[in-house]
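Residue numbers (the UniProt record's numbering): 1 to 42. The structure under discussion appears below in the form of structure tokens.
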């Protein structure tokens, strides 16, 4: 999934505004990081 795809999902679920601020991209990056860390947990 691309960053834009993730942002679209978050907007559709109304977790972020349709025109996100730069801080929203940081929030999305943190979500992706947590998902990756959980998937690679030993």
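All residues carry an ideal CB built from backbone N, CA and C; glycine is no exception.
Rounded to whole angstroms, the Cβ separation of residue 3 and residue 27 is 12 angstroms, and the two are not in contact under 8 angstroms. Secondary structure within the stretch 5-40: the alpha helix (DSSP H) runs of 4 or more consecutive residues, fully enclosed, are 22-39 (chain order).
Of the other Cβ atoms in all chains shown, 16 or more fall within 10 Å of the Cβ of residue 16; this residue is therefore buried.
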